[in-house]
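In my numbering, the protein residues as written are 4 to 165. Where a beta carbon is used, it is the ideal one built from N, C-alpha and C, also for glycine.
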């Protein structure tokens, strides 16, 4: 994937988030919901309180990567495998968000590349859907990623032959 963004900072640490990062994750999700409510959110987050924390704990048991710069969480991106038996060959990238200070510096590109490296070992296709109505200049990573084909849609679901 050729990136048009500036290279990510050298001191950027990308790692899988754990429940120990719950406070950091909660803060960045709250910011994403506040600044872009049309593109983020779930029923659990609408409920708030314990329902939100339970959802975050469940999500963090999956694959959510965090981009840390000097110890501060500046970006997140999540990945899950379709739970349906016939489509377990599909993975989905979700909840991609980079804080304002990290945008235009390759942070989103690094998060997506790391997720794709993880996905390569467990799925045949990866889906990324952008529902943002923001101007293209504010979502260049998703525009670049859409131009990559990882997997082929020629087999939309797998069937077990008996």
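Integer-rounded CB distance, given that residue 27 should sit under 8 angstroms from residue 76 = 4 angstroms
Quick one: give me the first and last residue of the beta strand (DSSP E) that residue 16 is part of.
-> 15 to 19
Under 8 angstroms, do residue 110 and residue 15 count as touching if we go by C-beta distance?
-> yes
Regarding residue 118 and the ligand GDP, is the C-beta to nearest heavy atom distance less than 7 angstroms?
-> With respect to small molecules bound, the structure shown includes none, and the ligand GDP cannot be examined in it.
Would you tell me roughly how many angstroms separate the C-alpha atoms of residue 118 and residue 103, rounded to the nearest one?
-> 21 angstroms
Using the beta-carbon count (16 or more within 10 Å), is residue 41 buried or exposed?
-> exposed
Rounded C-alpha distance that separates residue 53 from residue 59 | 10 angstroms
What is the DSSP secondary structure of residue 22, reduced to helix, strand or coil?
-> helix
In its own chain, which residues sit with a C-beta less than 6 angstroms from the C-beta of residue 95, not counting the 5 before and 5 after it?
-> 83 and 130
Segments of 3+ residues assigned as beta strand (DSSP E) that fall wholly inside the region 73 to 135 | 75 to 84, 93 to 101 and 128 to 131
Under 6 angstroms Cβ to Cβ from residue 80, same chain only, skipping five residues before and after it: list those, please.
-> 68, 99, 114 and 118
In the DSSP assignment, find the unbroken alpha helix (DSSP H) run with residue 52 in it and report its ends.
-> 52 to 63
Once you ignore the five residues that flank residue 125 on each side, which residues in its own chain have a CB closer than 8 angstroms to its CB?
-> 84 and 94
Any idea which residues DSSP pairs residue 67 with across the strands?
-> 81
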